[in-house]
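These protein sequences, in sequence, are chains A and B. The numbers in numbering that gives the first Met the number 0 rise by one with no breaks, and the one at position 73 of the first sequence is 72. The numbers in numbering that gives the first Met the number 0 rise by one with no breaks, and the one at position 221 of the second sequence is 220. Glycine included, each C-beta is placed from N, C-alpha and C at the ideal position.
Protein chains: 2
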Amino acid sequence: MSDAVSPLALPFPDMPPIAGVTARTVRAGYKDWGRTDLTFVELVEGTAVAGVFTRNLCCSSEVELGRQNVALGRARALVVNAGNSNAFTGYRGREAVEAIMEQVAAHLGAPREQVFVSSTGVIGVPLPKDKARAGIAAAFDAPAVGWEQAARTIGTTDTFAKGATASAIVGGVTVHLSAIIKGSGMIAPDMATMLGYIFTDADVSPAFLQAALSAANTRTFSCITVDSDTSTSDTVMAFATGQAGNPRIADATSPGADAFAAALHDVCRQLAHLVVRDGEGAQKFIAVAVSGAVSDDSARRIALAIANSPLVKTAIAGEDANWGRVVMAVGKAGEPADRDRLSIGFGGTWAAREGQPLADYDEAPVAAHLKGREISIEVDIGLGDGRATVWTCDLTHGYIAINADYRS
Amino acid sequence: MSDAVSPLALPFPDMPPIAGVTARTVRAGYKDWGRTDLTFVELVEGTAVAGVFTRNLCCSSEVELGRQNVALGRARALVVNAGNSNAFTGYRGREAVEAIMEQVAAHLGAPREQVFVSSTGVIGVPLPKDKARAGIAAAFDAPAVGWEQAARTIGTTDTFAKGATASAIVGGVTVHLSAIIKGSGMIAPDMATMLGYIFTDADVSPAFLQAALSAANTRTFSCITVDSDTSTSDTVMAFATGQAGNPRIADATSPGADAFAAALHDVCRQLAHLVVRDGEGAQKFIAVAVSGAVSDDSARRIALAIANSPLVKTAIAGEDANWGRVVMAVGKAGEPADRDRLSIGFGGTWAAREGQPLADYDEAPVAAHLKGREISIEVDIGLGDGRATVWTCDLTHGYIAINADYRS
Numbered sequence: 000m001s002d003a004v005s006p007l008a009l010p011f012p013d014m015p016p017i018a019g020v021t022a023r024t025v026r027a028g029y030k031d032w033g034r035t036d037l038t039f040v041e042l043v044e045g046t047a048v049a050g051v052f053t054r055n056l057c058c059s060s061e062v063e064l065g066r067q068n069v070a071l072g073r074a075r076a077l078v079v080n081a082g083n084s085n086a087f088t089g090y091r092g093r094e095a096v097e098a099i100m101e102q103v104a105a106h107l108g109a110p111r112e113q114v115f116v117s118s119t120g121v122i123g124v125p126l127p128k129d130k131a132r133a134g135i136a137a138a139f140d141a142p143a144v145g146w147e148q149a150a151r152t153i154g155t156t157d158t159f160a161k162g163a164t165a166s167a168i169v170g171g172v173t174v175h176l177s178a179i180i181k182g183s184g185m186i187a188p189d190m191a192t193m194l195g196y197i198f199t200d201a202d203v204s205p206a207f208l209q210a211a212l213s214a215a216n217t218r219t220f221s222c223i224t225v226d227s228d229t230s231t232s233d234t235v236m237a238f239a240t241g242q243a244g245n246p247r248i249a250d251a252t253s254p255g256a257d258a259f260a261a262a263l264h265d266v267c268r269q270l271a272h273l274v275v276r277d278g279e280g281a282q283k284f285i286a287v288a289v290s291g292a293v294s295d296d297s298a299r300r301i302a303l304a305i306a307n308s309p310l311v312k313t314a315i316a317g318e319d320a321n322w323g324r325v326v327m328a329v330g331k332a333g334e335p336a337d338r339d340r341l342s343i344g345f346g347g348t349w350a351a352r353e354g355q356p357l358a359d360y361d362e363a364p365v366a367a368h369l370k371g372r373e374i375s376i377e378v379d380i381g382l383g384d385g386r387a388t389v390w391t392c393d394l395t396h397g398y399i400a401i402n403a404d405y406r407s
Numbered sequence: 000m001s002d003a004v005s006p007l008a009l010p011f012p013d014m015p016p017i018a019g020v021t022a023r024t025v026r027a028g029y030k031d032w033g034r035t036d037l038t039f040v041e042l043v044e045g046t047a048v049a050g051v052f053t054r055n056l057c058c059s060s061e062v063e064l065g066r067q068n069v070a071l072g073r074a075r076a077l078v079v080n081a082g083n084s085n086a087f088t089g090y091r092g093r094e095a096v097e098a099i100m101e102q103v104a105a106h107l108g109a110p111r112e113q114v115f116v117s118s119t120g121v122i123g124v125p126l127p128k129d130k131a132r133a134g135i136a137a138a139f140d141a142p143a144v145g146w147e148q149a150a151r152t153i154g155t156t157d158t159f160a161k162g163a164t165a166s167a168i169v170g171g172v173t174v175h176l177s178a179i180i181k182g183s184g185m186i187a188p189d190m191a192t193m194l195g196y197i198f199t200d201a202d203v204s205p206a207f208l209q210a211a212l213s214a215a216n217t218r219t220f221s222c223i224t225v226d227s228d229t230s231t232s233d234t235v236m237a238f239a240t241g242q243a244g245n246p247r248i249a250d251a252t253s254p255g256a257d258a259f260a261a262a263l264h265d266v267c268r269q270l271a272h273l274v275v276r277d278g279e280g281a282q283k284f285i286a287v288a289v290s291g292a293v294s295d296d297s298a299r300r301i302a303l304a305i306a307n308s309p310l311v312k313t314a315i316a317g318e319d320a321n322w323g324r325v326v327m328a329v330g331k332a333g334e335p336a337d338r339d340r341l342s343i344g345f346g347g348t349w350a351a352r353e354g355q356p357l358a359d360y361d362e363a364p365v366a367a368h369l370k371g372r373e374i375s376i377e378v379d380i381g382l383g384d385g386r387a388t389v390w391t392c393d394l395t396h397g398y399i400a401i402n403a404d405y406r407s
């Protein structure tokens, strides 16, 4: 954890424990530091698992094995290493992951395929097997910890601990979701990989858990961007212990399925926003809302083009209602758009409508809006009903300082 | 022109006049400044024309009309306005362009379709017709100027005047090419649109001129990037007056066609590099060379993903041989790549080979290379024969200062 807390940080929420989930943290010493850096989460037998993983083709062994084993649907444990990403380390990196899976599986008497591993930190250095082995052995005997301690231990360049919670009523039974995430920047492969874990006591089939997580991902984690870069290790997983005693959610037609999916979506949205709020050098949280596109997908691609534009992001940093740069970003997205139908606003005030600057454009409310911490950019394409919202942060001197001055 | 000249600037070359081309410059006063801001270039009757234009869908009226009229193959004049891009100005912007075309066509007794107009500067403000009209009338009587004065007059945020020249022997006759360009950043729609003009005395058919320019564009202007943003007005045009008296180049099989195309490619490459050398805040000129991809196109997309990555660009700014960030950028390009075959080097020294850090990696020559102004990043994908080189600059505090502090 860094010392200078993001000005966009939120306090860690009060999050309920989840029956069937026990987290423990130790210092494996992956780097020469005093902090805890290994998180071991034990899950009760029968826990369902789902996951979404980076699309980066140069992904780590952790991601390859995770993607493969999540398809089997069951989990007994999660290990998260902070300080070393184990990415781009060839067969030695893979051996280290397999050794961790073996050790935990033997301890729990569980199949190896039910042990999930994530690693985050420097790239290109194989995870030291001896440190991992000793750390995990220590973790078996370590005391259980609360969510905030677990969130801190999975963090690397994060400037604050990130958690989110929600609940839903399923067949008359309240189920809880408690979740933690790390990531600050979307996403530096060195140190700022996004790793998110959602734990729930709901009884859910692995298939429905995966469907609900994938759907939520499309409108949350896939809709945030800090710098358009994509980590080799990004991972979001959901674990459902089934301890709440609700009537089982087998599929989308089961009672309570919609309520559960909505709560999962809510947690994912909160987590995604927290990552943006810890964007490297971020001073402003920006929502880009696109409407009137030919489809929702098209709207999302346009919104991402705007959110990834360095010129738009620096304009917001400079508190400049520079709608010309937004026009440019819409145009370069390559999606259907017509200059003469385009409308652009900031904080609910239109600056340009149907391709032309507004004759009676009132700059005062826009200028006041841009001085705040929470910025919205509204774009209407004027062609259809497609809409999407994407979240990002501004691009500041802080981003350059963090990324130009960091040494691998 | 800005006061602080880019540290990567090159001196303006000694460029020959081109028979059949006369440039004049005046101050139309598009902004409240003392400098010349309108360039009028008269071309001898029969001049062939070709052009490549921005793919930004929200392009200006100048680009729409230029793209349309270039297809007719002939040009008699070029007008370049600096200080106002006339983009996103609806029908009033279009009227201003058509008025300029009318005025020049009437003066020269030429078809309106042979008058080409470009505008660069602030967006969203219709080009003032009265100022343009008075400026053009004055230009008809202004003295002819040299290339450097023309290059300065088309410039906006450029910190130095940019020109390039080359020659070729066509059927025993030497033909000359002299070219100017403006742009600093790829590309801020406000002020840093890329506008390039190549003039040659060669006798070339419009069809071959277009084919040669399009081919050169693919490997030059399409291979540079400063910040991944795309202007609404980017334009590169070639004008061939036919005054050299060479045997006409009708098509690719004509004698001298290859020599002429090579000279045109050379000029385009020089111009493209000059734009990168004036990249906003640039301290280092970076060549990204990708080999071993499945195709040349694939190699170019991978090279652009690397060159557009803020994390790679800040690493170079920090003189950090951070090959992990290059791996990340390769992976996110979405092109065929295999982590375990990937090799990455800097300045001719491999840092990682076939997916793993080099055991005997010698950091000293790499560190020395990264302290220089001219940086190369070499990436071998290890899958095929596709190769491409892309040019960019580093991402520095200067970029943020220029773009966050500029007010529209």
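By DSSP, does Ile-380(A) sit in helix, in strand, or in coil? Within the first sequence, the letter at position 381 stands for residue 380(A). Reduced to three states, the DSSP call for Ile-380(A) is coil.
When we look at the beta-carbon of Val-103(A) and count the other beta-carbons within 10 Å, is it buried (16 or more) or exposed? Translated into the one-based positions of the first sequence, residue 103(A) becomes position 104. So Val-103(A) counts as buried.
Use the C-beta contact count for Gly-347(B): other C-beta atoms within 10 angstroms, 16 or more gives buried, fewer gives exposed. The sequence position of residue 347(B) within the second sequence is 348, counting from 1. So Gly-347(B) ends up on the exposed side.
Would Trp-322(A) pass as an interface residue toward chain B - the criterion being a Cβ-Cβ separation below 9 Å? Reading the first sequence from its first residue, position 323 is the one you call residue 322(A). It does: the Cβ of Trp-322(A) has a partner Cβ on chain B nearer than 9 Å.
At a Cβ threshold of 9 Å, is Pro-188(A) touching chain B? For this step, residue 188(A) is matched to residue 189 along the first sequence. With a pLDDT of only 36 at Pro-188(A), under the threshold of 50, the placement of this residue in the model should not be trusted; the figure read from the coordinates follows. Yes - at least one Cβ of chain B is within 9 Å of the one on Pro-188(A).
3-residue-minimum beta strand (DSSP E) runs that sit fully inside the segment 21-82 of chain B, ordered along the chain: 37-52
Going along chain A in order, which residues have a C-beta closer than 8 Å to the C-beta of Val-329(B)? In the second sequence, the residue the question calls residue 329(B) occupies position 330. Within chain A, the residues near Val-329(B) are Leu-56, Cys-57.
Ile-197(B) CB to nearest chain A CB: under 9 Å? Position 198 of the second sequence, counted from the first residue, corresponds to residue 197(B). Ile-197(B) does not count as touching chain A.
Between Asn-80(A) and chain B, is any beta-carbon pair separated by less than 9 Å? In the first sequence, counting from the first residue as 1, residue 80(A) sits at position 81. No - not a single Cβ of chain B is within 9 Å of the one on Asn-80(A).
Within chain B, the residues that Arg-338(A) reaches when beta carbons sit closer than 7 Å: As a working note, residue 338(A) is residue 339 in the first sequence. Within chain B, the residues near Arg-338(A) are Cys-57, Phe-87.
For a contact meaning CB atoms closer than 9 Å, what does Asn-216(B) contact in chain A? Position 217 of the second sequence, counted from the first residue, corresponds to residue 216(B). Near Asn-216(B) there are no residues of chain A at all, since even the closest Cβ is about 17 Å away, more than 9 Å.
Are Ala-281(A) and Asp-250(A) close, meaning C-beta to C-beta below 9 Å? For the purposes of this step, residue 281(A) is identified with residue 282 of the first sequence, where counting begins at 1. For the purposes of this step, residue 250(A) is identified with residue 251 of the first sequence, where counting begins at 1. It is not a contact, given that the beta carbons lie outside the stated cut-off.
Mind checking who Trp-390(B) pairs with in its DSSP beta bridge? For the purposes of this step, residue 390(B) is taken as residue 391 along the second sequence, with counting starting at 1. According to DSSP, Trp-390(B) bridges with Ile-223(B), Ala-286(B).
Those residues which DSSP pairs with Leu-194(B) across a bridge: Within the second sequence, the letter at position 195 stands for residue 194(B). Per DSSP, Lys-181(B), Thr-234(B).
Go ahead and label Gln-209(A) buried or exposed: buried means 16 or more other beta carbons lie within 10 angstroms of its beta carbon, across all protein chains shown. Residue mapping note: residue 209(A) aligns to position 210 of the first sequence, counting from 1. By the neighbour-count rule (16 or more Cβ atoms within 10 Å), Gln-209(A) is buried.
Once DSSP output is grouped into helix, strand and coil, what is the label at Pro-125(B)? On the second sequence, position 126 is the one that residue 125(B) refers to. Residue state, collapsed to three classes: coil.
Between Tyr-29(A) and chain B, is any beta-carbon pair separated by less than 9 Å? Mapped onto the first sequence, residue 29(A) falls at position 30. For Tyr-29(A), the answer is no, since every Cβ of chain B falls outside 9 Å of its Cβ.
Put Ile-408(A) into one of helix, strand or coil per three-state DSSP. Given a span of 0 to 407 for chain A in the structure shown, any question on residue 408(A) remains unanswerable.
Segment contact flag, the segment 299-311 of chain B with the segment 326-342 of chain B, C-beta cutoff 8 Å, min 3 pairs: yes
Decide if Asp-296(B) is buried, meaning its Cβ has at least 16 other Cβ atoms within 10 Å, or exposed. The residue given as residue 296(B) occupies position 297 in the second sequence. Its Cβ having fewer than 16 others within 10 Å, Asp-296(B) is exposed.
Alpha-carbon spacing of Phe-85(B) relative to Leu-310(B), whole angstroms: By one-based count along the second sequence, residue 85(B) stands at place 86. By one-based count along the second sequence, residue 310(B) stands at place 311. The identity of residue 85(B) in the sequence shown is Asn, whereas the question assumes Phe. The alpha-carbon atoms of Asn-85(B) and Leu-310(B) are separated by roughly 34 Å.
9 Å is my cut-off, CB to CB: does His-368(A) come that close to chain B? The sequence position of residue 368(A) within the first sequence is 369, counting from 1. Chain B, which has no Cβ nearer than 9 Å to the Cβ of His-368(A), makes this no.
Mind pulling the chain A residues with CB within less than 7 Å of Gly-354(B)? Position 355 of the second sequence holds residue 354(B). In chain order: Phe-87, Gly-89.
List, in chain order, every chain A residue whose beta-carbon is nearer than 7 Å to that of His-396(B). Taking the first residue of the second sequence as position 1, residue 396(B) is located at position 397. Here the neighbours are His-396, Ile-399.
Would you say Gly-45(A) and Leu-212(A) are within 9 Å of each other, going by their C-beta atoms? For the purposes of this step, residue 45(A) is taken as the residue at position 46 of the first sequence. For the purposes of this step, residue 212(A) is taken as the residue at position 213 of the first sequence. Cβ atoms of Gly-45(A) and Leu-212(A): not closer than 9 Å.
Counterpart residues of Arg-352(B) in DSSP-defined beta bridges: Numbered from 1 along the second sequence, position 353 holds the residue referred to as residue 352(B). Paired residues: Gln-355(B).
Measuring straight from C-alpha to C-alpha, what distance separates Gly-65(B) and Ala-27(B)? Within the second sequence, residue 65(B) is the residue found at index 66, counting from 1. Within the second sequence, residue 27(B) is the residue found at index 28, counting from 1. Approximately 22 Å between the Cα atoms of the pair.
Opposite Lys-161(B) in the DSSP bridges: which residues? Stepping through the second sequence from its first residue, residue 161(B) is reached at position 162. Ile-180(B), per the DSSP bridge assignment.
Which residue comes first and which comes last in the alpha helix (DSSP H) that contains Phe-87(A)? Taking the first sequence and counting its residues from 1, one reaches residue 87(A) at position 88. Phe-87(A) -> no alpha helix (DSSP H), and no H or E assigned at all.
Are there 16 or more other CB atoms within 10 angstroms of the CB of Arg-411(A), so buried, or fewer, so exposed? The structure shown does not extend to residue 411(A), since chain A is modelled only from 0 through 407, so no value can be given for it.
Helix, strand or coil at Thr-489(A) [DSSP, three-state]: The structure shown has nothing for residue 489(A), since chain A only spans 0 to 407.
Looking at the structure shown, is Ile-315(A) part of a helix, part of a strand, or coil, going by DSSP? Numbered from 1 along the first sequence, position 316 holds the residue referred to as residue 315(A). Ile-315(A) falls in the helix class under three-state DSSP.
Roughly how far, in whole angstroms, is the beta-carbon of Val-169(B) from the beta-carbon of Ala-258(B), given that I think they are within contact range, below 8 Å? Here residue 169(B) refers to the residue found at position 170 when the second sequence is read from its first residue. Here residue 258(B) refers to the residue found at position 259 when the second sequence is read from its first residue. The Cβ separation is near 6 Å, so the contact holds.
Per-residue DSSP class, three states only, for Ser-118(B): For the purposes of this step, residue 118(B) is taken as the residue at position 119 of the second sequence. In the structure shown, Ser-118(B) sits in a strand (DSSP, three-state: E or B).
Using a Cβ-Cβ distance cut-off of 9 Å, determine whether Asp-379(A) contacts chain B. To locate residue 379(A), count along the first sequence from 1; it is residue 380. Not one chain B Cβ lies under 9 Å of Asp-379(A).
If you follow the alpha helix (DSSP H) that Ser-308(A) is in, where does it begin and where does it stop? Along the first sequence, read from residue 1 onward, the residue named residue 308(A) stands at position 309. Where Ser-308(A) is concerned, there is no enclosing alpha helix (DSSP H), given that its DSSP letter is neither H nor E.
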